[in-house]
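If you use our numbering, the sequence shown corresponds to residues 26 to 64, in order.
We put the beta carbon where it would ideally sit given N, CA and C, even for glycine.
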Amino acid sequence: DPDNKKIIICDEKLRKVLGGKERVGFLEIAGLINPHFLK
């Protein structure tokens, strides 16, 4: 987001990874991508 650098505006590919969200806060993104990593 050009006005708020703490918000990420997701494109179609990123939405697939982040659960369909259009906008994601930079603190929220870690929790959304965590399930995609092997444990």
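- K30 and H61 have their C-alpha atoms roughly 24 Å apart.
- If you ignore the 5 residues before and after K46, its C-beta comes within less than 7 Å of the C-beta of C35, R40, all in its own chain and listed in chain order.
- Taking the CA atoms as reference points, D28 sits about 34 Å from L63.
- Exclusion of the five residues before and after I58 leaves V42, L43 as the residues of its chain whose Cβ lies within less than 8 Å of its Cβ.
- Your pair I33 and I54 checks out as a contact, with CB atoms roughly 7 Å apart and the cut at 8 Å.
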